[in-house]
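Take a look at the structure set out below.
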Amino acid sequence: MEGHHVIGIDNMNDYYDPRLKEDRIAQLTNDNFTFIKAELEDLDGVNKTFEKYKPEVVINLAAQAGVRYSLENPHAYVNSNVVGFTNILEACRHYKVEHLIYASSSSVYGANDSKPFSTSDIIDHPLSLYAATKKSNELFAHTYSHLYELPTTGLRFFTVYGPWGRPDMALFLFTKAILNDKPIDVFNHGNMMRDFTYVDDVVESITRLLKRSAQPNPKWSGTNPDPGSSYAPYKVYNIGNNTPVKLMEFIEAIEKKLGKTAKKNYLPLQAGDVPETYANVEDLFRDIDFKPETTIQEGVNKFIEWYLEYYEVKL
-5 MEGHHVIGID NMNDYYDPRL KEDRIAQLTN DNFTFIKAEL EDLDGVNKTF EKYKPEVVIN
55 LAAQAGVRYS LENPHAYVNS NVVGFTNILE ACRHYKVEHL IYASSSSVYG ANDSKPFSTS
115 DIIDHPLSLY AATKKSNELF AHTYSHLYEL PTTGLRFFTV YGPWGRPDMA LFLFTKAILN
175 DKPIDVFNHG NMMRDFTYVD DVVESITRLL KRSAQPNPKW SGTNPDPGSS YAPYKVYNIG
235 NNTPVKLMEF IEAIEKKLGK TAKKNYLPLQ AGDVPETYAN VEDLFRDIDF KPETTIQEGV
295 NKFIEWYLEY YEVKL
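First residue of the sequence shown? That's -5 in my numbering, and the numbers climb one at a time after it.
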């Protein structure tokens, strides 16, 4: 829409069904989009891509995702989220990229109790390896902003959902189970709250931030440091709806759209999970005049409409 040529990179691994990834790419294919199957851990391959296309701006949304999966496969997270991200930083440095935008996560807030979560909060107590790798991304990014004046913008996403989403996420799992009359696992006995964020709001946030390269904060002080900004061209934002929703309300929104009641299997809080997420987005709204506002019922409805069409399910 804005005339950019986009180079998309994915390793197409089988963490979930690659067919869904292939169908996503098919939706994107046009003269302004080029897809490359590659591993970010492959430094030589990353450098060759940067050498060939010389990107002006890099948006790194690649990662080994999932809090629970990180308990079983820690090395996958180190390789993708730490080694892969370091390769991106090095390529951005050597090929003079104007701005790096990268995905962090609300999971970095870990054991913090103060709500809503603010980018000015200290985040020293992650509860999963996934969260720890995401915090490391922010630390690495700041180092490159300091050493090489590379503008970096980190985005702490809060439970992103919507059409074409990951099949291991709750909305996908719940919808599939309810349609097949299977029970759903409700962790923490339903006493969870999430700041669910619809994918279109995420896209709009990124699109606006493309035009706003991270800048040094002239008010930053090493005596009382603000963790979300810096004297270097570095910034972190929360990308969340600023409206936590109870897990049971989320399930009710799915039931309402499907016209079916879920069979619920209540379970304790799982290791690595946090009971509540809640995003403070004041600085995001201040800087780009936008904040996510899609309601949970509206977002759930759009996802289910896509799901029914994609999987050819009739109610």
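C-beta atoms are modelled at their ideal positions from N, C-alpha and C, and glycine is treated no differently.
query                                                                                                                                                          : result
When the Cα atoms are used, what is the spatial distance from G104 to S98?                                                                                     : 13 Å
Can you say whether F297 is buried or exposed, counting buried as having 16 or more other CB atoms within 10 angstroms of its CB?                              : buried
Per the DSSP calculation, F29 is bridged to which residue(s)?                                                                                                  : G2
Answer with buried or exposed for M186, where buried requires no fewer than 16 other C-beta atoms within 10 angstroms of its C-beta.                           : buried
Quick check for students: name the residue ranges of the alpha helix (DSSP H) that lie wholly in the region 47 to 124, counting only runs of 4 or more.        : 63 to 66, 68 to 71 and 79 to 88
Have a look at L141 and P227 and give me their C-alpha separation to the nearest angstrom.                                                                     : 10 Å
Going by C-alpha to C-alpha distance, which of A126, V268 and Y155 sits closest to F181?                                                                       : V268
Does the Cβ of R13 have 16 or more other Cβ atoms within 10 Å, making it buried, or fewer, making it exposed?                                                  : exposed
Which class does K250 belong to by DSSP, given the choice of helix, strand or coil?                                                                            : helix
Short of 8 Å in beta carbon distance, which residues of its chain neighbour E249, apart from the five on each side in sequence? Order them along the chain.    : I172, T255 and A256
If you draw a straight line from the C-alpha of K128 to the C-alpha of P238, how long is it?                                                                   : 22 Å
Checking 8 Å against the spacing of the C-beta atoms, do S10 and D162 come in under that value?                                                                : With the sequence shown as reference, residue 10 is identified as Tyr, and Ser is not the correct amino acid for it. Yes. Within cutoff.
Looking only at its chain, what residues have a beta carbon closer than 6 Å to the beta carbon of Y301, apart from the 5 residues adjacent to it on each side? : T169
How big is the Cα-Cα spacing for R150 and I82?                                                                                                                 : 18 Å
When the Cα atoms are used, what is the spatial distance from P338 to P219?                                                                                    : Here the chain has residues from -5 to 309 only, and residue 338 is not among them.
DSSP three-state call for M163: helix, strand or coil?                                                                                                         : coil
Are I233 and S199 close, meaning C-beta to C-beta below 8 Å?                                                                                                   : yes
Report the rounded CA-to-CA distance for W214 versus I116, giving the unit in angstroms.                                                                       : 15 Å
Tell me M187's beta-bridge partners as DSSP assigns them.                                                                                                      : K240 and E270
Below 8 Å, can you find three or more Cβ-Cβ pairs linking the region 257 to 264 to the region 133 to 148?                                                      : no
Which one of K258, Y89, N75 and S114 has the shortest CA to CA distance from S130?                                                                             : N75
What does the alpha-carbon distance come out to for the pair F111 and A164?                                                                                    : 22 Å
What is the C-beta distance between K42 and N5, in whole angstroms, given that I count them as a contact (C-beta under 8 Å)?                                   : That belief does not hold up - the Cβ atoms of K42 and N5 are roughly 15 Å apart, past 8 Å.
Who are I178's beta bridge partners in DSSP?                                                                                                                   : K258
The alpha helix (DSSP H) that contains G148, what's its start and end?                                                                                         : Run containing G148: none in the alpha helix (DSSP H); it sits in the beta strand (DSSP E), T146 to F151.
Determine the extent of the alpha helix (DSSP H) in which N295 is found, giving its start and end residues.                                                    : I290 to Y304
Rounded to a whole number of angstroms, what is the C-alpha to C-alpha distance between T288 and A20?                                                          : 26 Å
Taking the alpha-carbon positions, what's the A273 to D189 distance?                                                                                           : 7 Å
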